[in-house]
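There are 2 protein chains.
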Amino acid sequence: MAKEIFVENLADIETNFPQWYTDVVKKTQLADYGPVKGTMVIRPYGYAIWENIQRELDTRFKATGHSNAYFPLLIPMSFFTKEAEHVEGFAPEVAVVTHAGGEELAEPLAIRPTSETIIGNMYSKWLQSYRDLPILINQWANVMRWEKTTRPFLRTSEFLWQEGHTVHATEQEAEEETMKMLGVYKEFAENVLAIPVICGRKTEKEKFAGAVATYGMEAMMKDGKSLQAGTSHYLGQNFSKAFEIKFLDKDGVQKYGYTTSWGVSTRLIGAIIMAHGDERGLVLPPKVAPVQAVIVPIAAKKGGVMEACAQIKAELEAYGIRVKLDDSDNSPGWKFNEWEMKGVPVRIEVGPRDLEAGNVVLFRRDKCEKAESPRQGVASAVCTLLDEIQKDMLVAARERRDSRIVSADTLDGILKGVEAGNFVKAGWCGCRECEDKIKETSAASARVMCDELEHETCAVCGKKAVRTVYFARAY
Amino acid sequence: MAKEIFVENLADIETNFPQWYTDVVKKTQLADYGPVKGTMVIRPYGYAIWENIQRELDTRFKATGHSNAYFPLLIPMSFFTKEAEHVEGFAPEVAVVTHAGGEELAEPLAIRPTSETIIGNMYSKWLQSYRDLPILINQWANVMRWEKTTRPFLRTSEFLWQEGHTVHATEQEAEEETMKMLGVYKEFAENVLAIPVICGRKTEKEKFAGAVATYGMEAMMKDGKSLQAGTSHYLGQNFSKAFEIKFLDKDGVQKYGYTTSWGVSTRLIGAIIMAHGDERGLVLPPKVAPVQAVIVPIAAKKGGVMEACAQIKAELEAYGIRVKLDDSDNSPGWKFNEWEMKGVPVRIEVGPRDLEAGNVVLFRRDKCEKAESPRQGVASAVCTLLDEIQKDMLVAARERRDSRIVSADTLDGILKGVEAGNFVKAGWCGCRECEDKIKETSAASARVMCDELEHETCAVCGKKAVRTVYFARAY
Numbered sequence: 001m002a003k004e005i006f007v008e009n010l011a012d013i014e015t016n017f018p019q020w021y022t023d024v025v026k027k028t029q030l031a032d033y034g035p036v037k038g039t040m041v042i043r044p045y046g047y048a049i050w051e052n053i054q055r056e057l058d059t060r061f062k063a064t065g066h067s068n069a070y071f072p073l074l075i076p077m078s079f080f081t082k083e084a085e086h087v088e089g090f091a092p093e094v095a096v097v098t099h100a101g102g103e104e105l106a107e108p109l110a111i112r113p114t115s116e117t118i119i120g121n122m123y124s125k126w127l128q129s130y131r132d133l134p135i136l137i138n139q140w141a142n143v144m145r146w147e148k149t150t151r152p153f154l155r156t157s158e159f160l161w162q163e164g165h166t167v168h169a170t171e172q173e174a175e176e177e178t179m180k181m182l183g184v185y186k187e188f189a190e191n192v193l194a195i196p197v198i199c200g201r202k203t204e205k206e207k208f209a210g211a212v213a214t215y216g217m218e219a220m221m222k223d224g225k226s227l228q229a230g231t232s233h234y235l236g237q238n239f240s241k242a243f244e245i246k247f248l249d250k251d252g253v254q255k256y257g258y259t260t261s262w263g264v265s266t267r268l269i270g271a272i273i274m275a276h277g278d279e280r281g282l283v284l285p286p287k288v289a290p291v292q293a294v295i296v297p298i299a300a301k302k303g304g305v306m307e308a309c310a311q312i313k314a315e316l317e318a319y320g321i322r323v324k325l326d327d328s329d330n331s332p333g334w335k336f337n338e339w340e341m342k343g344v345p346v347r348i349e350v351g352p353r354d355l356e357a358g359n360v361v362l363f364r365r366d367k368c369e370k371a372e373s374p375r376q377g378v379a380s381a382v383c384t385l386l387d388e389i390q391k392d393m394l395v396a397a398r399e400r401r402d403s404r405i406v407s408a409d410t411l412d413g414i415l416k417g418v419e420a421g422n423f424v425k426a427g428w429c430g431c432r433e434c435e436d437k438i439k440e441t442s443a444a445s446a447r448v449m450c451d452e453l454e455h456e457t458c459a460v461c462g463k464k465a466v467r468t469v470y471f472a473r474a475y
Numbered sequence: 001m002a003k004e005i006f007v008e009n010l011a012d013i014e015t016n017f018p019q020w021y022t023d024v025v026k027k028t029q030l031a032d033y034g035p036v037k038g039t040m041v042i043r044p045y046g047y048a049i050w051e052n053i054q055r056e057l058d059t060r061f062k063a064t065g066h067s068n069a070y071f072p073l074l075i076p077m078s079f080f081t082k083e084a085e086h087v088e089g090f091a092p093e094v095a096v097v098t099h100a101g102g103e104e105l106a107e108p109l110a111i112r113p114t115s116e117t118i119i120g121n122m123y124s125k126w127l128q129s130y131r132d133l134p135i136l137i138n139q140w141a142n143v144m145r146w147e148k149t150t151r152p153f154l155r156t157s158e159f160l161w162q163e164g165h166t167v168h169a170t171e172q173e174a175e176e177e178t179m180k181m182l183g184v185y186k187e188f189a190e191n192v193l194a195i196p197v198i199c200g201r202k203t204e205k206e207k208f209a210g211a212v213a214t215y216g217m218e219a220m221m222k223d224g225k226s227l228q229a230g231t232s233h234y235l236g237q238n239f240s241k242a243f244e245i246k247f248l249d250k251d252g253v254q255k256y257g258y259t260t261s262w263g264v265s266t267r268l269i270g271a272i273i274m275a276h277g278d279e280r281g282l283v284l285p286p287k288v289a290p291v292q293a294v295i296v297p298i299a300a301k302k303g304g305v306m307e308a309c310a311q312i313k314a315e316l317e318a319y320g321i322r323v324k325l326d327d328s329d330n331s332p333g334w335k336f337n338e339w340e341m342k343g344v345p346v347r348i349e350v351g352p353r354d355l356e357a358g359n360v361v362l363f364r365r366d367k368c369e370k371a372e373s374p375r376q377g378v379a380s381a382v383c384t385l386l387d388e389i390q391k392d393m394l395v396a397a398r399e400r401r402d403s404r405i406v407s408a409d410t411l412d413g414i415l416k417g418v419e420a421g422n423f424v425k426a427g428w429c430g431c432r433e434c435e436d437k438i439k440e441t442s443a444a445s446a447r448v449m450c451d452e453l454e455h456e457t458c459a460v461c462g463k464k465a466v467r468t469v470y471f472a473r474a475y
């Protein structure tokens, strides 16, 4: 399938970011369009990134006491009506099964857009006593939300995600869980994806349908737009009352539990592409890169080159590095382009002249820099370099982002700020009208609210500000 | 949720196997019924078994050169009609989405019952040249088949599985792949699940809808019935012609590829329950047991007992053993019952008297035998014991099965054989009428055909036998 790849075919990242994104997704074979409008096929190269994301997150979920389970895909439509805000938020996007086994169903069934309702229904059966609490369950699953405008990874009718659903005896415990999982996401985003994130509470307008409070983490893409990379919801007793999630407490009284839910999805792959990519294509953080190092033989027919390559491959594998030896017929230059476009963090060039001098050449994708390195101990050097790349990518992304956060005191200031590709901090009076006004004027939405109040007046109405809010255009 | 568990509530395995199965599934919290008829919730204890199965299989798939990918859940109904046998086999079981996003769809969409069609459609786009071959992709996914009679794990409208889909340049390579993956399944079933399997080709009646040849592996359950535990299909050019999976070969000629598909599902959890379980409940093979060893303190309040338990837990964890310390308020006897029912391979009893003598007691679930073991080096002893249990369970299961394979020369012999809970080998003339006659008379179906012809005449019509076939009642 190699012939599809030509670096020169990538659109220019500076002048046509949307097309550059689509080109990268298609040409690096991360994903393809499915036959049904709005659906996506995650190809092996993209899916391998997802597997790395899953492994890293799953380890963190288990370390924080969660177990995985699996709940049914199909949800009776009547479940949605039990929580008023929830049905309003999700009903318009639901895909509905009306026929099965050759017959029309008595009740239409929704393909899960999210599983609070069906999981709540099961928890109400399982939960009896305070001894059963907390319930800490996560699910890895596909979900479906019928969207009008779709883009691979960012917004597709079906996507893969994990959704944690927990029940606690007290409000405080549930709030702690909500914040703990937000913290897990933040640590993961920064240390694994090398993406700095801004975390905070969402406004009422932007919160999850049915939540008391939604906390989001927002990542800046290279075009200055924000991508919501994960959310953690404190659901209070909204779902426990709708689904009778009750327990007999120590004091002999029947009480409703307090629930949370939290999730991240295959969107994260979109975030990786747009937070790190450059004019040559993908730049993958080593921890999620399917191939961490690629070995390219130079003048492969010269004596000893292929042997050295095979030997180096074995040495790297012994270090646990995900390594590929590109022994195809293509020219070295062609291979350089291909693996740069695919974002492989380190390239090892092995040529006869370098070998004679006892060296190889190491190329790091993030900075596009080459350096000679002793052939002896190359595996250890690559390990160190991968760690360095992982750290440097976060530093670079943070510097990039921090340089593009501005403050504004007026509606015009917000507009100018986002038009220049910034996140704009501004004061907000807390009313929906002012939030809507900002959206209408600048196409920017309230991403998250800051913990600290940094502004005295609302940028729109001039009244007293109750919150400082990050505004940005968003995916 | 502990209170749901009472060992005395399990139905008798000898006299009421079906109820025993249901009791075990529910009371050990492997699974629960979902709100929609025929659906199942896989609870954390059951899902942890699935995670272990996934990890073991996924490693084997990757070691044989396969990558994972993800294809859409929804398939245009028109895709099914492209392969004539396939649509006939699957259309009656399909669940259909007719509405989405508040509107009726132009074309109804099927929830995948299996993905040959949609994957074939994508492969036709990706495949260009012989250089792109073989395509070796696997998918972990949920699928849906609307069944009238359902049972947790064995037959549910939705289930989890993996489906491998490969394309090859030649018939021979595709046939080799089909047999290689059958071999992977067999090795996995025996060495990981401790379940001996009989592998062979299926009859035309029993083969996958759209295959040229289906190979199955059959496992004997404790009631003598057979469970199809995995299948590998050689699809010839049936799907490549239906979906235009073509490539330009070395000789410059456009050719159709040869495809295969192969899968196992959460059914395997049902197989584990019924191949190994006993009157006390589950008996889990160590390699898939969520908890491999449970530590039960005896007279926990006596000095040193809880400290020793915590210490032993740490030692076992350092050996990579999945261990649980049951420090709940329940009595030791209650704990014994619970963890025996849950099938934990090894129990470590830690009491003050044993500790004084420098010992602990090790109980192995498979043989329900206790033995003293030195406190010093207990982790290493448990490791050895787990290996021994893993091997002994396969030996025991094989002896059990082999003692229940009989041969028959008449229809009546087949009936008597299966009624006594056996697999019956019998000669078959190869015609559908005789196969149907056996099914009508004895409720036994042709499980797989033997490679060797061991019978001279067909047990039904008395004509020359062309095949020796395993007949059994089946799940």
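Chains as they are written, first to last, in this note's numbering: chain S, 1 to 475; chain D, 1 to 475.
Note that beta-carbon positions come from the ideal geometry of N, C-alpha and C, so glycine has one too.
The structure displayed is predicted, hence computed values, not measured ones.
- Residues of chain S whose Cβ lies closer than 7 Å to the Cβ of THR39 (chain D) are, in chain order, PRO72 and LEU74.
- The Cβ-Cβ distance between PRO352 (chain S) and ALA314 (chain S) does not fall below 7 Å.
- The C-alpha of VAL264 (chain S) lies about 12 Å from the C-alpha of GLY270 (chain S).
- Residue-level contact check: TRP262 (chain D) does not touch chain S, since none of the beta carbons of chain S fall below 7 Å from its beta carbon.
- Of the candidates D:ASP409, D:THR259 and D:GLY101, D:THR259 places its Cα closest to the Cα of GLU175 (chain D).
- For ARG55 (chain S), the enclosing alpha helix (DSSP H) stretches over residues 44 to 63.
- By the C-beta criterion, the stretch 244 to 252 of chain D is judged not to be in contact with the stretch 219 to 235 of chain D, since fewer than 3 inter-stretch pairs fall below 8 Å.
- With respect to the 7 Å criterion, GLY343 (chain D) and LEU284 (chain D) are classified as neighbours on the basis of their beta carbons.
- By the rule that beta-carbons nearer than 7 Å mark a contact, GLU399 (chain S) does not touch chain D.
- With respect to chain D, the C-beta atom of SER67 (chain S) has a partner C-beta closer than 7 Å.
- Closest by C-alpha distance to LEU193 (chain S), out of S:GLY210, S:LYS287 and S:VAL212, is S:LYS287.
- In the DSSP annotation of this structure, the continuous segment of the alpha helix (DSSP H) that includes GLY89 (chain D) starts and ends at 84 to 90.
- Taking C-beta atoms as the reference points, ARG364 (chain D) and VAL346 (chain D) count as a pair closer than 7 Å.
- The C-beta separation of LEU453 (chain S) from ALA444 (chain S) comes to about 20 Å, leaving the pair out of contact by the 8 Å criterion.
- The beta carbons of ALA31 (chain D) and MET40 (chain D) sit about 5 Å from each other, so the pair counts as a contact at 8 Å.
- Residues of chain S with a Cβ closer than 7 Å to the Cβ of HIS99 (chain D) are, in chain order, VAL96 and THR98.
- Per DSSP, THR468 (chain D) is not a residue of any alpha helix (DSSP H); the beta strand (DSSP E) it occupies stretches across 467 to 472.
- When DSSP assignments are scanned along the stretch 221 to 304 of chain D, the uninterrupted stretches of alpha helix (DSSP H) that are 4 or more residues long and fall wholly within it turn out to be 238 to 243 and 267 to 276.
- Here GLN376 (chain D) is exposed. Its C-beta has fewer than 16 other C-beta atoms within 10 Å.
- Using a Cβ-Cβ cut-off of 7 Å, VAL36 (chain S) is close to PRO72, LEU74, PRO76 and LEU109 of chain D, given in chain order.
- For TRP146 (chain D), the nearest CB of chain S lies under 7 Å from its own CB, placing it at the interface with that chain.
- Membership of LYS324 (chain S) in the beta strand (DSSP E) is indicated by the continuous run 323 to 325.
- Between the C-alpha atoms of THR15 (chain D) and GLU218 (chain S) there is a straight-line separation of about 60 Å.
- Around ASN52 (chain S), no beta-carbon contact reaches into chain D at under 7 Å, the shortest distance being about 12 Å.
- Taking the Cα positions, VAL253 (chain D) is about 17 Å away from PRO134 (chain D).
- Bounds of the beta strand (DSSP E) holding PRO374 (chain D) are 369 to 374.
- From the beta-carbon of ILE137 (chain S), the residues of chain D found nearer than 7 Å are PRO44.
- If you draw a straight line from the Cα of HIS455 (chain S) to the Cα of LYS62 (chain S), it comes to about 40 Å.
- Of the candidates D:VAL469, D:LEU411 and D:HIS86, D:VAL469 places its Cα closest to the Cα of LYS202 (chain D).
- Against chain D, the CB of GLU158 (chain S) has a partner CB under 7 Å away; the residue lies at that interface.
- Chain S has no Cβ within less than 7 Å of the Cβ of GLY427 (chain D).
- Membership of TYR475 (chain S) in any beta strand (DSSP E) is not indicated, and neither H nor E is assigned to it by DSSP.
- In the structure shown, CYS383 (chain S) adopts helical secondary structure according to DSSP, grouped into three states.
- With respect to ARG112 (chain S), VAL143 (chain S) sits close: the two C-beta atoms are nearer than 7 Å.
- CA-to-CA, the gap between ASP251 (chain S) and ALA169 (chain S) works out to about 12 Å.
- When Cβ-Cβ separations below 7 Å define contact, PRO285 (chain D) makes no contact with chain S.
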